[in-house]
Amino acid sequence: MHWQLPRSIAGSHQLAPLLTKGHTVKMYNSPSGSNPKKVRMYCAEKGIDLELAHVSFGKEEHRSDNFKSTINSLARLPVLELDDGTMIAESVAICRYLEELHPEPPLFGNTPLERAQVEMWSRRMEMEVTVNISNILRHTSPFFATTVVQVPEFADASRKTALQRFEWLNDELGDKTYLLGDRLTFADINGYAGFVMMSQVELEFDPKLTNLIRWYDNLASRPSAEA
Ligand SMILES: N[C@@H](CCC(=O)N[C@@H](CS)C(=O)NCC(=O)O)C(=O)O
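Numbering (this note's numbering), first residue to last: 166 to 392.
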């Protein structure tokens, strides 16, 4: 079942439950990149229809003056556009907004404790684990040469840190199916999407990290991972 933002709710910014069908949410998107994927996967899990407006990284459309002045001054994707033209950038902010409007099934936790645990793991995955993958890319790829002050030594250090964090995460996961136990949350999606850039930086999981590989393969097998 798919749900859409009702025009009146989107337009007035009320945080009312999203309960009308047949209305699509527009997102500026690229098929590559972990952050757009994060939102696509989240929406697939929630049954939220996304209208994807393609922005070409290859043509650097996101760096155009028009994009920066009308969509996201930071020249990044994804960006959600509401019916009244309001733009919401930052993948986590987008998912949180959609969660408020479309609470079922809950992916940000049901209770104060669960919500804190989702936040804890979401931040750990993004800021302790997968940030290292994006830092390798950002500090080595010619694509970022004009926008990042590239420090190759930092890329090397990030590679080492990434491998350490993979071991840490493997131990933390133990025999759990998901980060919080037996139920998928946004923290899993946030982490999984961050790992999709690994092949671009020639990083692989050490085969001995069986808990991490089991967790990753399980997420990769969900239909939402194709989004
Ligand atoms: N914190 C932002 C990061 C957005 C981001 O870095 N997006 C990447 C794609 S994964 C991007 O647009 N990169 C283009 C560039 O840096 O030129 C979020 O969570 O949405």
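Even for Gly, the Cβ is constructed at its ideal location relative to N, Cα and C.
None of the values given here were measured: they were computed from a predicted structure.
- The beta carbon of residue 357 is closer than 6 Å to those of 384 in its chain, skipping five residues each way along the sequence.
- Here residue 224 carries a coil assignment [DSSP, helix/strand/coil].
- Within 10 angstroms of the beta-carbon of residue 382 lie fewer than 16 other beta-carbons, which makes it exposed.
- With the criterion CB distance below 5 Å from any heavy atom of ligand 1, the matching residues run 198, 199, 200, 241, 242, 255, 256 along the chain.
- Taking the Cα positions, residue 207 is about 9 Å away from residue 355.
- Between residue 233 and residue 267, the CB-CB gap reaches or exceeds 8 Å.
- Its Cα nearest to that of residue 386, the residue 342 stands out among 365, 364, 342, 368.
- The Cβ neighbour count for residue 221, taken over all protein chains shown within 10 Å, is under 16; the residue is labelled exposed.
- A Cβ-Cβ distance of about 15 Å is found for the pair residue 298 and residue 374, leaving them out of contact under the 8 Å criterion.
- DSSP, reduced to helix, strand and coil, places residue 378 within a helical segment of the structure shown.
- Taking one beta carbon from each stretch, the region 239-255 and the region 189-203 have 3 or more pairs nearer than 8 Å; the two touch.
- In this structure, residue 389 lies near residue 209, with their beta-carbon atoms less than 8 Å apart.
- Taking 8 Å as the cut-off, the beta carbon of residue 351 is found closer than this to the beta carbon of residue 287.
- In the displayed model, residue 202 falls within a helix according to three-state DSSP.
- Per DSSP, the beta-bridge partners of residue 219 are 194.
- Straight across, the Cα-Cα distance linking residue 213 with residue 332 is about 34 Å.
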